[in-house]
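Report on the structure given below.
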Amino acid sequence: MQKRMKKIVAVALVVMLTMVTVACKSGASKDSHTLVIGSMGPITGANAVYGTSVKNGATIAVDEINQKGLDGEPLGVHLELKFEDDQADAQTAANAYFRLLSEGMDVLLGATTSGACQIVNKLSERDDLLMVTPSGSANNITDPDNVYRICFTDPSQGTKIAELISKTLNYKKAAVLYDVSSDYGKGVHDQFVKDAKENGLEIVSDQSFNSGDKDFNTQLTTIKSSGAEVIFVPGYYQDVSFILTQANQLGLNIPFVGSDGWDGVTNQLGSNATVADGAIFLSPFFSADTTPNVKNFVEEYKERFDSIPDQFAADAYDGVYAIAKAYKIAQSTESEMLIEAMKEVEVDGITGRFSFDEDGNPNKEAKYIQIENGEYTLFEY
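FYI, the numbering for the sequence shown is -23 to -1, 1 to 358, going by mature numbering (1 follows the signal peptide of the UniProt record, and there is no 0).
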């Protein structure tokens, strides 16, 4: 009943907000030589670090393309980025979408979180507007034909990590500690558990937490006595930093494996980063990569924002480049032409070389990052 009520509320929200669409569109006017990229993510609240990364990564890409062009040639249109704070909240995200629409948005780079994406994907589908989410990983986000994503899906991460733990690392018994309050945590967890069983990996302890929790001693103590050889934590790095610190304090000497939401955990831990030593996590982005495009991005990011970029920033950067490629193919800011052009887009990005499959998901290789002496290294296998 609760799930059904949530669906009814979501549909009602979309229907209610539909009434303002015509007013939003009629108020929009802009230069025909400008492609307005609307974007959204949490800039305030508990999830602000993720939206801030997306905004920063997108800003660098927009400035870079405007200054240097695309593939050595002028793009032929000026990119303009407009960013709204959606607080990782569905209602706020819907309001942000309509504000962006009223400001002439041609394409949406967003939302940042899966919950917000599952509202704005319906709105953008109704408006036939190209939507490219950098980091919304819930599987159903790209169900509409107008929606693409840059990040890995939750199920694909669960599958890849189950294979890593069982076939590459050769563990037989695993514990899981996941964020039950987020679509992301639940989505990765559910697929991991399914694939773990198929790969002969026994789940000896299945624990959960809510995002923002600070005390993990009960779950970690249970895991410590479970006989687990490895702990998988699908979650975001703010929570993970507390988990790793408390595991170290408990003397829990079991290796950790994480999902892509871990990227940024050493920054979060700061001088305490060595508590993460030995952990491995999946990511599309490796900030210590020495290839020129990654190195240039990291240096620019550090100079402008005084921090090391994470995969949220990198996916947003590549998302802007995917949109620019779509414009180059379509030679138009019209939504229908941009959506069609995305089928032909190929990006040699900082998260790897990728195109999109028929479901709007990226075809790209996963990287595995291992933490040693508080620093990222590439895990080779």
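The beta carbon of each residue, even a glycine, is placed where N, CA and C say it ideally should be.
For clarity, every value in this text was computed on a predicted model and none was experimentally measured.
Would you check whether the ligand PLP has a heavy atom nearer than 8 Å to the C-beta of residue i?
i, result
"E280", "With respect to the ligand PLP, the structure offers nothing, as it holds no ligand at all."
Beta-carbon within less than 6 Å of residue i's beta-carbon, same chain only, minus the 5 sequence neighbours each way: which residues are those?
i, result
"N24", "A65"
"A(-1)", "The predicted position of A(-1) is uncertain, since its pLDDT is 44 and thus under 50; no value can be drawn from it."
"T(-3)", "At T(-3), the pLDDT of 46 sits below 50, so the modelled position is not reliable; the number obtained from the coordinates is stated separately. Closer than 6 Å at Cβ, skipping near neighbours: no residue."
"D240", "S260, D287 and Q288"
"C94", "A88, T110, G113 and I118"
"A73", "M17, E61 and D63"
"S143", "N176 and L178"
"I348", "A253, D254 and A256"
"T222", "V252"
"I316", "L107 and N123"
"E206", "Y148 and K150"
"M314", "A307"
Give me the Cα-Cα distance between residue i and residue j, rounded to the nearest whole angstrom.
i, j, result
"I220", "Y358", "26 Å"
"E352", "D254", "8 Å"
"S182", "S91", "26 Å"
"E311", "A318", "11 Å"
"I20", "T267", "30 Å"
"N350", "A250", "8 Å"
"L178", "Y148", "7 Å"
"D292", "E323", "14 Å"
"S309", "K45", "20 Å"
"residue 373", "E140", "An answer regarding residue 373 cannot be provided, because it is not within the stretch -23 to 358 covered by the chain."
"I208", "F129", "21 Å"
"D48", "L106", "25 Å"
"F233", "G247", "18 Å"
"T195", "K341", "38 Å"
"R103", "S30", "28 Å"
"Y161", "A307", "33 Å"
"V(-15)", "A71", "Summary for V(-15): the model assigns pLDDT 44, below 50, so the residue's position carries little reliability, and this model does not support an answer."
"S3", "E335", "No answer about S3 holds up, because its pLDDT of 42 lies below 50 and its placement is not dependable."
"Q210", "S202", "Correcting the residue identity first, residue 210 is Val in this sequence and not Gln. So the two alpha carbons sit approximately 17 Å from each other."
"D325", "E50", "16 Å"
"I231", "H10", "56 Å"
"G212", "I138", "13 Å"
"P339", "T145", "24 Å"
"R126", "E276", "25 Å"
By Cβ distance below 8 Å, which residues in the same chain neighbour residue i in space, the five residues on each side in sequence not counted?
i, result
"D216", "D156, F186, S188, G189 and D190"
"K320", "F333"
"I42", "L52, L56, V297, Y298 and A301"
"P272", "The residue you asked about is not Pro; residue 272 is Lys in the sequence shown. Closer than 8 Å at Cβ, skipping near neighbours: D266."
"V39", "I14, L56, E57, L58 and V297"
"A5", "Since pLDDT at A5 reaches only 48, below the 50 mark, its modelled position is unreliable, and the value read off the structure follows with that caveat. Correct list, in chain order: L78, S79, E80, G81 and M82."
"T199", "S182 and Q184"
"R330", "E323, V324 and K341"
Between the options, which lies nearest to residue i when the distance is taken from Cα to Cα?
i, options, result
"A290", "G53, Q68, T89 and E61", "T89"
"V252", "D131, D122 and L227", "L227"
"A173", "I257, K150, Q44 and Q68", "K150"
"F75", "S101, V54 and E50", "S101"
"Y214", "V31, S264 and S236", "S236"
"A343", "E276, F233, I257 and N147", "I257"
"T36", "E313, F282 and N194", "F282"
"A67", "E50, V54, I96 and L47", "I96"
"G337", "G164, N116 and I231", "N116"
"Y278", "F331, N33, Y27 and H10", "N33"
"G238", "I231, D192, F193 and V165", "V165"
"K305", "Y27, V26, G28 and V54", "V54"
"residue 433", "T145, V242 and I316", "Lying outside -23 to 358, the shown extent of the chain, residue 433 is not represented and no answer is given."
If I measure Cβ to Cβ from residue i and keep anything under 7 Å in the same chain, skipping five residues before and after, which residues do I get?
i, result
"N98", "M108, I118, P121 and V124"
"N244", "S284 and I285"
"T69", "D63"
"S159", "S188"
"I180", "A151, V153, V170 and A173"
"Q168", "D131, P132, G135 and T136"
"E280", "none"
"L355", "F263, K344 and I346"
"residue 361", "Residue 361 falls outside the range modelled here, since the chain spans only -23 to 358, and no answer is possible."
"G204", "K150 and V181"
"F193", "F186, F219, I220 and Q223"
"L197", "Q223, A224, L227 and L229"
| query | Are the segment 295 to 303 and the segment 67 to 87 touching by the rule of at least three beta carbon pairs closer than 8 Å? | reply | yes
| message | Could you tell me which whole beta strand (DSSP E) segments of length 3 or greater appear in the segment 42 to 77? | response | 55 to 62
| said: Give the list of continuous beta strand (DSSP E) stretches no shorter than 3 residues that lie fully inside the segment 149 to 232. | reply: 150 to 156, 179 to 186 and 207 to 210
| Using 8 Å as the threshold, is the segment 12 to 24 in touch with the segment 68 to 82, meaning 3 or more CB pairs across them? | yes
| query | In the segment 283 to 338, which residue ranges form an unbroken beta strand (DSSP E) of at least 3 residues, counting only runs that do not cross its ends? | reply | 324 to 326 and 329 to 331
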